[in-house]
Each structure stands twice: as C-alpha cells, then as structure tokens.
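Peer 1: Residue numbers (my numbering): 47 to 753.
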Amino acid sequence: MAKVGLKKIALIGNPNSGKSSLFNSLTGLRQKVGNYPGVTVDKKSGILKVAKGEELEIIDFPGIYSFYPNSSDERIVIETLTNPKSKNFPNAIVYVVDSLDIEKHFLLATQLREMNLPMLVVFSMADLAFEKGIKIDTTIIEEYLECPCISISTRTGENLEVLKLQIENLLSNVVVASWSNAYNLSETEREVSNFVVNKHKDIGEYIGLQIAHHYSWLGHLNNSQKNTLRKKVAEFDSVKYQIRETMDRYNRFTTLVKKATKRISQGRPGYTERIDNITTHRVIGPILFTAIMLLVFQAIYAWAEWPMNMIEETFIGLSSAVNSILAEGWFSNLLTEGIIAGLGGIMVFIPQIAILFFLISILEEIGYMSRVVFMFDGLMQRFGLNGRSIVALISGGACAIPAIMSARTISNWKERMITIMVTPLISCSARIPVYTVLIGFVVSDTLRWGPFNVQGLAFMGLYVIGILAALFSALIFKWILKSDEQSVLMIELPKYKKPMWNNVFHNVKEKVWTFIVEAGKVILVVSVVLWFLVSYGPKGSMERTAQEGIELAQEYGYSAGTTQQEDLLASKKMEGSYAGIIGKSMEPCIRPLGYDWKIGIALLTSFAAREVFVGTMATIYSVGSSEEERVIKERMAAEINPATGKPVYTFATALSLLLFYVFALQCMSTLAVTKRETKSWKWPALQFTFMGAMAYVSAFAAYQIFS
47 MAKVGLKKIA LIGNPNSGKS SLFNSLTGLR QKVGNYPGVT VDKKSGILKV
97 AKGEELEIID FPGIYSFYPN SSDERIVIET LTNPKSKNFP NAIVYVVDSL
147 DIEKHFLLAT QLREMNLPML VVFSMADLAF EKGIKIDTTI IEEYLECPCI
197 SISTRTGENL EVLKLQIENL LSNVVVASWS NAYNLSETER EVSNFVVNKH
247 KDIGEYIGLQ IAHHYSWLGH LNNSQKNTLR KKVAEFDSVK YQIRETMDRY
297 NRFTTLVKKA TKRISQGRPG YTERIDNITT HRVIGPILFT AIMLLVFQAI
347 YAWAEWPMNM IEETFIGLSS AVNSILAEGW FSNLLTEGII AGLGGIMVFI
397 PQIAILFFLI SILEEIGYMS RVVFMFDGLM QRFGLNGRSI VALISGGACA
447 IPAIMSARTI SNWKERMITI MVTPLISCSA RIPVYTVLIG FVVSDTLRWG
497 PFNVQGLAFM GLYVIGILAA LFSALIFKWI LKSDEQSVLM IELPKYKKPM
547 WNNVFHNVKE KVWTFIVEAG KVILVVSVVL WFLVSYGPKG SMERTAQEGI
597 ELAQEYGYSA GTTQQEDLLA SKKMEGSYAG IIGKSMEPCI RPLGYDWKIG
647 IALLTSFAAR EVFVGTMATI YSVGSSEEER VIKERMAAEI NPATGKPVYT
697 FATALSLLLF YVFALQCMST LAVTKRETKS WKWPALQFTF MGAMAYVSAF
747 AAYQIFS
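As structure tokens, then:
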C-alpha cells in the first residue's frame, strides 16, 4: 500500500517497452491497484525500498507513444504531467525504452526531458538485444538527453540493483537545469505558451504549450479556465504545430540514435518473422488459434479437479467444525448455512479462474495476442468492429468491465460503441462457476471424444455460442448505427520472447485476488440477506407450510425421519419464508423456462453478479437439509419436484439455464461501466434489454424443445 507523503517515481514508456516487467521487479508484492481520480482506468502503484531504508512510491502509468495521445488511457499520462498539483505528479521520471528499437521510443523521451524533472532512461530487454547482436552506446544518449542511462534485463536481473541505486540518486537532484537541446518553439507557440504560464505560474514553457494543445479535455481545468483559453487559442492550429514539433524532434535525434545503436553481429536469424508466417497465415492462423483455445478450456477442467476437491473438503470441514463448537442457534446457522455455504460455493472455482488467467497471461507475454488482433482485423471489420475489438472480446473472457474499458483504444466512435455493446456476450470468468455446475446435468463426465473430455468440449461450446452471439449482435448494430468515420488499425507486433514468469504470476495474483475481493463482498452480503430470507417469514407462514409438508409426506407415503420426508419438509418450510414468497411471485414468468421458485431466487440474486448463482443455490439447499455435507452439484442433482416426483434439474432445465446465463446481462457493475464509458443510460438500458430478450427466448426454446 502506498503511503501518504512518499516521493513518487513515474514509470513511463511506450506500450510493449518492458515497463510492466520492470514495475513488477522493482515492487514485487508491494503493489496495489486503484483508479485514477475521475476515471475508471486502473492505476498501478507499488513501494520500492532503497538502500538507505527510504520508501518510494512507483506509479506505473499507462503506455503512451507521445504527448499527443490517441486514446483515453494515454490521456491519463498527459492529464497528470500537465498538473503539478495532482497527487500523482511525480518527483522524478524513469523512462523505459525497448533496446531492440530505441528510435521509436525516443520521441517521448525528448518530450519528457522538456519537463526539467529528474529523469533516468532505462534500456530494457538488454539480454534480447545482446542475442540480436545490438549494442547501445549509452554515453551518446546521456550526452544528448543530459540525464543518466542504464541497460537492464528483468529476465536475467542484469543491473537491477544498480538501477535501484540510480533511482535513489535521482531524487538527490533537487534542482534540474533546463535542457540545452529543448524544442525551439515558434513565435506563435511561445505566445500561447506564455499566456498559459502567466495564468498558472507553477508550470514551465513546454507544459504551457501542452495545455494549449489539450485544454478542451484536461480535467484539472475548470470551465472558466477553458473558456479563457478557447478565446486566446482560437486561431492556434494545434494539429499543424503538433506535426511541426514531431518532425523537428525526429530530424534532430534520428542520426544520433543510429550512431548510438551498433550491430556488433547478426545475432540470431529472424525467428519472429518465420513464426509469424505460421501464426498469422490466412488458413493456419485461425486453426491454430482455435486449437490453442480448445487446449485452454481442456486444461481448465483437467488441472482444476484436485484443488477444487481440496477446497470443497476444506469448507465442509470448516462447517462441521463450527457446528461442533457453537451451540445450535441463529448465529451458528448464519455461519454454516449462510456465510460458509455461500462463500464455499464460489471459492471452489478459484482454481479454474486462476488457470484461465495463467494461460492467457502466457499468450500475452510471448507476444501472441498482438498477432491475434492483427489476424482478425479483416473479420472484425465485416461485423462493424475493429482489430482492437478482439482485445476486448478476449479480455471479456476474464471480465467484461476491463474489457469494455479497453475499447478506449478504438478511435472510431461506431466501432467503439459496437465493441462496448457486444463484449458482455463473451462468457466471463464469473460464468465459470455456473457453467461448471450445470454442464454436469447436460453432459456426463464419463463421456470422451478421443483424448478430449466431452464436458470440456461443451464448456468451450458455450464460449463459442457467446462469440457467435457477439458477432451477430455486432452485425445488427453495424446496420443500425451510422458514422462517417474511417476505420484504422495501428498496432505493434512485438518480438516473440519467453514469458516473464514474474509478470505471469503477478497478473494471475492480481486478477484472482480482485475476483475474490469483488465477488466475495457481494456474495457475503447476498448470503447473509438470503439466509435471513430463507430462515424467516411472515408470522405463522412457515409453520403453516411445514404442516402442509407433513400432510404431503403422509400422502406420498414418506416415513417419518427419512431423507425424503426431511427434504420435503425443508422445501415446504422454505415456501413460507420471505424468499419463498418472492420466488413464488416470480414463478409464473419463469415456469415456461423450466424453472421453479428456488431457481427464481438464484436468478434474482445473481443480477448482483453472475457467480452469486452458485452461492445462492448452496445457501438455499443447505438450509434445513439433512445432507448438509453434500457438494452443491450432488445436492442439486438430488432435488426432486414433490408434485411430479421427477428431478428438478433435468437435461432440458439445465440446458435452458446454461443458455440463459450465456446471454443474460446479469452484472450491475458492467451496466455501470457501460454508462460511464458512453456517458448515457440509453446504451446500458439497450444493452440490458437486447441481451435479456436473447436470454429469455433461447432458454424458452431450449426447454420447450427438449422437455
């Protein structure tokens, strides 16, 4: 956790520069993830403890190419650097450059140097540069930028300790001399810059120029300041002077960079190009991608079984221990039938979620995911999407919230809106618990197709259905939404490299922990509320329905004390509870889908978050049941409809539920983020309605056909 008053180091660099790897190496486990003020973009910060015992806060800013941003994420950096009063404004800058291609990174380096803050340039991936036969003369770069430079490798640990000392020394430079190679402003640029500087006082000439370029969207300026600037810069051609500055900088440093970069040998042959001939091939590429995704879903089932069983047994043992320690009463029931049952029903699926993130993180680390974006751009265009939309769609397999936020990198309004609208149709990790429980009622776990478990194939099939639904919906929106903007895809294909296991670990830890905390908070509240609703009811209601249960048991011929009688009594007693009354009121609407009032309760509570469905079923079926130690799947499988004597969870009902959860937008947080990104309730309302209609119609059709 970052502490108030710590000196701040801004970690800045282009996308794919090795910045995140360096952040993980410097901060280790001393990290936290929050949000920048006023936006939903993730803010990563961590603590670096230097030799003298002092702690520094490292802020990992979003990747950016220059001071002229093209996306919302990039704007965060400019927003912060143009506002010295910001709580995230740095005391010093560590700028990360990819050693394999320093010219591309040098534009931003020269712009950052204009801020006259203590600055250190870090050339990352030194080991890969060595393999390529590339040597960087840091002395030439130091003389030009007038700041220290160092080559490092987070993979081998080369110079990391030296870097920490350099960062510590960086902060000893309280006053930094103006850069002698600074950009020469034109008369017009200097005039508007001086106007801004005179208004703000605490900024330099170059930052004044940047405010003049970007004042219309800078959040730290109030309306009065924006109106004043608008009048002053009305004749200022911002685009013209952005081009002038960029060309001027390139003209001055291009020769210098070539002089500082030497190829001492040919290094390894171009393996990246040879691999790309396969991975981005028009025919082989998509087949390979499909095969990789199939292996991912097979691994989720194959690798997760043992840890899931262990977690299951742990919660069963915990519930038994609490029952043996505490006396019978409302508090012990709350713990065992409410909190432990609810949390246990969701924590058991953490191994599957961790495996999903682990495998996707590896694909990102080696550079494969960028190829996926490039490869599917043409296909995405046909559906009104952009190549970058594939990032949102794949990210949606983890969580729709960051996936929707990632659409900010799409500059075309229509493509961005379509991406936001259809991304929640991609099955997210919150659906995994629901799928895992219900697939067992549709496909036997003993069925195999060659080397493949059929349940794993069915699991992937649900993802395929979501993908097809997203593409079909995108096509509909392509016809409905109108825009004259041109579609453009600009993406960097990084070199293939071995995964940084440290990065993979941190990514899995961060995502899983976020899932536990975010889902846990919701589930805890829902479990407690639900326990109350199923344990209590209007005066005399539960007693009356319990008596009806006794009479029905006699009618069905169930002997006293048998499992059938106790389950029937528990079910009838629950009918008289507050939860039963709510579920009964919903039953006419959901009965055509094959659902009873208990499933109705789970549907209602899972609108808070889809994963709550399993916790809800665990809570419902643990209350009053004589078989509390059965796992949730076994308990649901044993549920019998007293009126028909048949299982509640038939093939038709389970298939109906699966399709409902594939399509339904049961996530309040996703709706909130859609509203935040679109700045209107119209789009989330439309999103909720069309996905809800798809869910109801498909579930209705499945049940009516297969029942």
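All C-beta atoms in this analysis are idealised placements derived from N, C-alpha and C, irrespective of residue type, glycine included.
Going by the DSSP bridge assignment, what does E101 pair with across the sheet?
Peer 2: Answer by DSSP bridge pairing, in chain order: K95.
Peer 1: Compute the distance between the beta-carbons of Y754 and T699, then report whether it is under 8 Å.
Peer 2: With the chain covering only 47 through 753, there is no way to say anything about residue 754.
Peer 1: Can you list, in chain order, the residues of its chain whose CB lies under 6 Å from that of V574, leaving out five sequence neighbours each side?
Peer 2: Cβ within range, chain order: G384.
Peer 1: Output the residue ranges of the beta strand (DSSP E) runs that lie fully inside the segment 687-724 and measure 3 residues or longer, sorted by chain position.
Peer 2: Listed in chain order, nothing qualifies, since the segment 687-724 has no complete beta strand (DSSP E) run of 3 or more residues.
Peer 1: Which residues share a DSSP beta bridge with G59?
Peer 2: In DSSP, G59 forms a bridge with V142.
Peer 1: Look up M165 in the DSSP assignment and say whether it is helix, strand or coil.
Peer 2: The answer is strand: DSSP assigns M165 an E or B state.
Peer 1: Nearest-angstrom Cα distance between V123 and P115?
Peer 2: Computed Cα separation, rounded: 9 Å.
Peer 1: Work out the CA separation of A592 and K585 for me, nearest whole Å.
Peer 2: Distance between the alpha carbons of K585 and A592: 13 Å.
Peer 1: Looking at the secondary structure, which residues open and close the beta strand (DSSP E) in which K308 lies?
Peer 2: Looking at the DSSP string, the run of the beta strand (DSSP E) that includes K308 is 307-309.
Peer 1: May I have the straight-line CA-CA distance separating I346 from E125, to the nearest angstrom?
Peer 2: Rounded to the nearest angstrom, the two C-alpha atoms are 41 Å apart.
Peer 1: In angstroms with no decimal places, state the Cα-to-Cα distance between K53 and Q212.
Peer 2: Cα to Cα, K53 sits roughly 15 Å from Q212.
Peer 1: Just the Cα atoms here: how many angstroms apart are A172 and I198?
Peer 2: Using only the alpha carbons, I get a separation of about 5 Å.
Peer 1: Assign C635 to one of three DSSP states: helix, strand, or coil.
Peer 2: Residue state, collapsed to three classes: helix.
Peer 1: Between S416 and P540, which are expected to be in contact by the criterion C-beta below 8 Å, what is the C-beta distance as a whole number of angstroms?
Peer 2: The Cβ separation is near 6 Å, so the contact holds.
Peer 1: Across which residues does DSSP place S197 in a beta bridge pair?
Peer 2: S197 is bridged to F169.
Peer 1: In angstroms, rounded to a whole number, what distance separates the CA positions of F282 and Q256?
Peer 2: Each residue's alpha carbon lies about 12 Å from the other.
Peer 1: What is the residue span of the alpha helix (DSSP H) that I213 lies within?
Peer 2: Unbroken alpha helix (DSSP H) run through I213: 206-216.
Peer 1: What are the complete alpha helix (DSSP H) segments, minimum 4 residues, inside the segment 447-487?
Peer 2: Entirely contained in the segment 447-487, the alpha helix (DSSP H) runs reaching 4 residues are, in chain order, 459-468.
Peer 1: Could you check whether the segment 713-724 touches the segment 501-514, counting it as contact only if at least three pairs of C-beta atoms, one from each stretch, sit closer than 8 Å?
Peer 2: Counting Cβ pairs under 8 Å, fewer than three are found: no touch.
Peer 1: With H, G and I counted as helix, E and B as strand and the rest as coil, what does DSSP make of K278?
Peer 2: K278 falls in the helix class under three-state DSSP.
Peer 1: Flag this pair as yes or no: are the beta carbons of G430 and A516 separated by less than 8 Å?
Peer 2: No.
Peer 1: Would you mind sorting N81 into buried or exposed? The rule is 16 or more other CB atoms within 10 Å of its CB.
Peer 2: Note that N81 scores a pLDDT of 49, beneath 50, so its modelled location is shaky; the value from the coordinates is reported in the next line. Exposed, because fewer than 16 other Cβ atoms sit within 10 Å of the Cβ of N81.
Peer 1: On the DSSP letters alone, give me the boundaries of the beta strand (DSSP E) that K181 sits inside.
Peer 2: K181 -> beta strand (DSSP E) spans 180-182.
Peer 1: Buried or exposed for K305, going by 16 or more other Cβ atoms inside 10 Å?
Peer 2: Answer is exposed; the Cβ neighbour count stays below 16.
Peer 1: Distance cutoff 8 Å, beta carbons only. Does D183 sit that close to anything in chain B?
Peer 2: The structure shown has no chain B; it contains just one protein chain.
Peer 1: What is the rounded straight-line gap between the Cα of L639 and the Cα of Q750?
Peer 2: Distance between the alpha carbons of L639 and Q750: 8 Å.
Peer 1: Give the secondary structure of K585 by DSSP, where H, G and I count as helix, E and B as strand, and everything else as coil.
Peer 2: In the structure shown, K585 sits in coil (DSSP, three-state: anything other than H, G, I, E or B).
Peer 1: When burial is assigned at 16 or more other CB atoms within 10 Å of the CB, is V571 buried or exposed?
Peer 2: Exposed, because fewer than 16 other Cβ atoms sit within 10 Å of the Cβ of V571.
Peer 1: Please report how far the alpha carbon of V238 lies from the alpha carbon of W225, in whole angstroms.
Peer 2: The straight-line gap from Cα to Cα measures roughly 21 Å.
Peer 1: So which of A97, R201, T202, G442 has the shortest CA-CA distance to I478?
Peer 2: The shortest C-alpha separation from I478 is found at G442.
Peer 1: Between which two residues does the alpha helix (DSSP H) holding M546 run?
Peer 2: First-last for M546: undefined, no H or E at that position.
Peer 1: Go ahead and pull the three-state DSSP assignment for D322.
Peer 2: Helix, per DSSP.
Peer 1: Candidates K245, W263, N240: which alpha carbon is nearest Y17's?
Peer 2: Outside the shown range of the chain, which is 47 to 753, sits residue 17, and nothing can be said about it.
Peer 1: If we count the other Cβ atoms within 10 Å of its Cβ and call it buried at 16 or more, is A280 buried or exposed?
Peer 2: Its Cβ having fewer than 16 others within 10 Å, A280 is exposed.
Peer 1: Helix, strand or coil: how does DSSP classify D106 here?
Peer 2: Looking at D106 - three-state DSSP - the assignment turns out to be strand.
Peer 1: Label L405 either buried or exposed according to how many other C-beta atoms from any shown protein chain fall within 10 Å of its C-beta, with 16 as the threshold for buried.
Peer 2: When all chains shown are included, L405 counts as buried.
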